[in-house]
RNA sequence: GGAGGAGUGCCCGAGUGGCUAAAGGGGGCGGACUGUAAAUCCGCUGGCUAUGCCUACGUUGGUUCGAAUCCAACCUCCUCCA
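Residue numbers (my numbering): 281 to 702.
What follows is the structure, given as structure tokens:
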């Protein structure tokens, strides 16, 4: 185990050096052995993703960036979608059972998540990254067979020593057998992947540590293989809060859940204190450039934030979207107060049918309910075509459209929408 | 197995029959200031077809004109005894 940024001895592998200097390492199972193995040649490495939502969010960017770097350095990533394990629910560090999702919902989530991952790691070619769903093997097991083959490799004695389980037991919160067995499933995943794809390494969030260690131990007991594990740090902001939430919810990676421009804005609004760390973690700029940008002071740091936002957006949504987002951001805050392209398009009949301002705010996602929209309006935070509107009963009609036939809607300083009608 | 204490809104936490959609703080959002930052100050912070209605104080029933507040059972947590 090691603390980030403090290698005990000089590292032999470029891979580990890069991951460390980017700040992507929290702890590793056996750092020296892992370093030696990585220096030897390409490995196959996997990270698992729960299928609990239809898109990944910025928190997932840490393991994804790790896979991406490793692919760049010649290793082969496997992204494992938890189509099987999600049917059980990871109990780690939770005080109560997660609601279980049905298979149909999971299947649709899997396809959205696949889309997110594809942007970060290349799946092309024979040696491209693999995307596998653990439902493939987990759903095949029959109970007795599973107990015989794997149950014998785990001792309850060992399982209860894991922090994730211990906390539940210590506080006497109920931990069902179903949840308890989750770690077996994830361990079996690792074993299966090592057998099927010669996968030797797993990465995950720091909350996955126990699950990862279990897999490593299973590999050793069942097959006598040396497997490796690495966790990435928990993503927090400088103010200590868990990162990745905005007013509208999580910062999704899927463009259908969060537009590239809003995504860009999220990064543009990074607090000063986080800029350097985020540049290292979420961009691929060379370290000297990262350092130059982080050293900027005062309002010049805003330039570093734009670079950060544009770089991250380019990775997640592509360079074209990133360029457009930057352009839009510049225009919007450079005085134009106007988006370049409509962010939303509504049927024109809505204008004659009667469209309330509150309803419109909900439609474009600036408010989660009419009540919230009302509060925004009454608090003076809403502007229609650059003018503050504080009448919550305001109706939108054709007469409100600007010369360009559009409607400029803004909430606060940063949230802006341009609504077109056709 | 026995005795006592506790379970409140996104989180922490006050509240022991009507004045409680529920103090206070955190977080979040909006406003002012600024650099689309931080800090600070001010406001808002359950939903709705909205001078009213619905949902909400572990769960389910009950008492009462009226319950987060009283009673019963159940679930869960904490402390002490065996």
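Cβ coordinates follow ideal geometry from the N, Cα and C atoms, glycine included.
Exposed unless 16 or more other CB atoms sit within 10 angstroms - verdict on residue i
| i | result |
| --- | --- |
| residue 567 | exposed |
| residue 682 | exposed |
| residue 463 | buried |
| residue 331 | buried |
| residue 667 | exposed |
| residue 337 | buried |
| residue 403 | exposed |
| residue 319 | exposed |
| residue 548 | buried |
| residue 693 | exposed |
| residue 468 | buried |
| residue 480 | buried |
| residue 375 | At residue 375 the pLDDT is 48, less than 50, meaning the model places this residue with poor confidence; the figure from the coordinates comes in the next sentence. Under this definition residue 375 is an exposed residue. |
| residue 594 | buried |
| residue 365 | buried |
| residue 478 | exposed |
| residue 546 | buried |
| residue 311 | buried |
| residue 423 | exposed |
| residue 573 | buried |
| residue 301 | exposed |
| residue 457 | exposed |
| residue 290 | exposed |
| residue 384 | exposed |
| residue 343 | buried |
| residue 590 | buried |
Residue of the options minimising C-alpha distance to residue i
| i | options | result |
| --- | --- | --- |
| residue 637 | 606, 345, 680, 610 | 680 |
| residue 305 | 603, 509, 673 | 509 |
| residue 490 | 531, 647, 441 | 441 |
| residue 471 | 494, 488, 649 | 494 |
| residue 699 | 575, 537, 625 | 625 |
| residue 345 | 457, 397, 334 | 397 |
| residue 684 | 395, 702, 669, 487 | 702 |
| residue 303 | 587, 560, 588, 573 | 560 |
| residue 605 | 635, 642, 576, 538 | 538 |
| residue 360 | 690, 327, 535 | 327 |
| residue 392 | 416, 535, 511 | 535 |
| residue 630 | 582, 675, 580 | 675 |
| residue 622 | 483, 511, 317, 688 | 688 |
| residue 514 | 485, 416, 425 | 485 |
| residue 430 | 356, 461, 387 | 461 |
| residue 634 | 646, 673, 614, 655 | 673 |
| residue 553 | 511, 582, 543 | 582 |
Cross-strand partners of residue i (DSSP beta bridge)
| i | result |
| --- | --- |
| residue 295 | Paired residues: none, contrary to the question. |
| residue 510 | 308, 483 |
| residue 700 | 625 |
| residue 362 | 330 |
| residue 397 | Residue 397 is not bridged to any residue. |
| residue 337 | 532 |
| residue 324 | 356, 479 |
| residue 241 | Residue 241 lies beyond the range of the chain shown here (281 to 702); nothing can be said about it. |
| residue 664 | 667, 689 |
| residue 695 | 691 |
Distance between residue j and residue i (C-alpha atoms, nearest Å)
| i | j | result |
| --- | --- | --- |
| residue 465 | residue 500 | 16 Å |
| residue 602 | residue 592 | 8 Å |
| residue 565 | residue 533 | 20 Å |
| residue 295 | residue 506 | 19 Å |
| residue 325 | residue 309 | 14 Å |
| residue 436 | residue 496 | 16 Å |
| residue 628 | residue 640 | 13 Å |
| residue 238 | residue 644 | Given a span of 281 to 702 for the chain in the structure shown, any question on residue 238 remains unanswerable. |
| residue 578 | residue 555 | 12 Å |
| residue 439 | residue 351 | 33 Å |
| residue 307 | residue 678 | 59 Å |
| residue 409 | residue 334 | 21 Å |
| residue 421 | residue 427 | 10 Å |
| residue 389 | residue 395 | 10 Å |
| residue 664 | residue 411 | 45 Å |
| residue 531 | residue 609 | 18 Å |
| residue 575 | residue 587 | 14 Å |
| residue 405 | residue 474 | 21 Å |
| residue 653 | residue 697 | 15 Å |
| residue 563 | residue 459 | 36 Å |
| residue 314 | residue 293 | 9 Å |
| residue 551 | residue 353 | 31 Å |
| residue 358 | residue 329 | 11 Å |
TODO: Just list the beta strand (DSSP E) runs in the region 403-470, keeping only unbroken ones of 3 residues or longer that don't cross its boundaries, in chain order.
DONE: Fully enclosed beta strand (DSSP E) runs of 3 or longer: 410-413.
Open item on the list: List, from N- to C-terminal side, the alpha helix (DSSP H) runs of 4 residues or more that fit wholly inside the region 543-624.
Closed with: Counting whole runs of 4 or more residues, the region 543-624 contains the alpha helix (DSSP H) stretches 555-562, 567-574, 581-597, 599-611.
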